[in-house]
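Have a look at the structure below, then the notes.
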Amino acid sequence: GDISAQLNDQKELERICLRIKNDRNPSVIVWIGTCTTEIVKMDLEGIAPKVEKQIGIPIVVARANGLDYAFTQGEDTVLAAMVHRCPEYKDCNKNSKEQNQKSPKFEVQTISKKESSFDQNRLTRSNLVLFGSLPSSVASQLSLELKRQSIFVSGWLPSQKYSELPGLGENVYVCGVNPFLSRTATTLMRRKRCQLIGAPF
């Protein structure tokens with residue numbers, strides 16, 4: 001909805017989000033601001049926590065300044081904003097231990113020591129998170145194929161449910177499944193201190 005002319009931004013945003021909640025029942029709502037706060041005269045970051053509390057659905061604010069924004073840039077911006085809502089890996093140790101008892105750990109098979117740029121012992125103790133939007137069927141096939149190669153995928157960004165966002169931290173390796181997610185990759189490395197694995201494209 002167009003809320004540029006509304007006097008009470010918070011109430012209008014709350015009304016729109018409630019309509020989305022009733023129609024779609026999403027696990028998360030994303031606000032994308034295409035103008036700076038100074039121009040639009042609306043503090044989305046300040047309003048979001050208040051509306052989130054009222055409607056009971058998490059709200060992620062993504063800044064996409066500029067009107068000439070391609071679909072790929074939009075995905076990159078939203079994923080980068082969602083990185084900040086991911087839990088810290090150190091807070092997910094209990095869940096990780098339970099998963100490790102049921103599933104194999106992340107391992108990388110190498111042909112020779114010279115060809116590998118990673119410490120294999122370190123990778124064995126780490127988790128792998130893949131980031132990028134893919135259909136559920138494709139993501140499942142990719143996870144199964146990697147599992148056949150003894151590589152365990154511990155999480156996806158985005159996840160199918162907001163409550164299942166992966167834990168991120170220094171001991172987590174991340175790899176993009178799309179070649180246009182540079183902003184997300186930078187955020188993962190700088191904000192969450194994840195180890196980036198270069199994708200084969």
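End of the sequence shown sits at 201 in the UniProt record's numbering; the numbers just go up one at a time, nothing left out.
Even glycine gets a Cβ: it sits at the ideal position worked out from N, Cα and C.
What residue from the options has the CA that sits closest to residue i's CA?
i           : options                         : result
residue 257 : His84, Lys21 and Thr77          : Outside the shown range of the chain, which is 1 to 201, sits residue 257, and nothing can be said about it.
Phe180      : Gly132, Gln195 and Leu128       : Gly132
Asn127      : Glu88, Gln160 and Ser137        : Glu88
Cys35       : Asn8, Glu52, Val61 and Ser27    : Val61
Pro26       : Ile57, Leu130 and Gly176        : Ile57
Thr77       : Val30, Asp43, Ala48 and Lys41   : Val30
Asp9        : Glu45, Trp156, Val83 and Ser136 : Glu45
Gly198      : Cys175, Gln141 and Thr187       : Cys175
Note the first and the last residue of the continuous alpha helix (DSSP H) segment covering residue i.
i      : result
Ile151 : No alpha helix (DSSP H) holds Ile151; DSSP gives it neither H nor E.
Gly33  : Segment Ile29 to Gly33 is the beta strand (DSSP E) holding Gly33; no alpha helix (DSSP H) there.
With DSSP collapsed to three states, give me the class of residue i.
i      : result
Arg24  : helix
Ser140 : helix
Leu188 : helix
Cys175 : strand
Gly155 : strand
Ile59  : strand
Glu170 : coil
Leu134 : coil
What first and last residue would you give for the beta strand (DSSP E) that runs through residue i?
i      : result
Leu128 : Asn127 to Phe131
Can the beta-carbon of residue i be found less than 8 Å from the beta-carbon of residue j?
i     : j      : result
Ala80 : Gly33  : no
Val83 : Lys192 : yes
Who does residue i pair with in a DSSP beta bridge?
i      : result
Val83  : Answer is none; Val83 lacks a bridge partner.
Leu196 : Val174
Glu88  : Leu168
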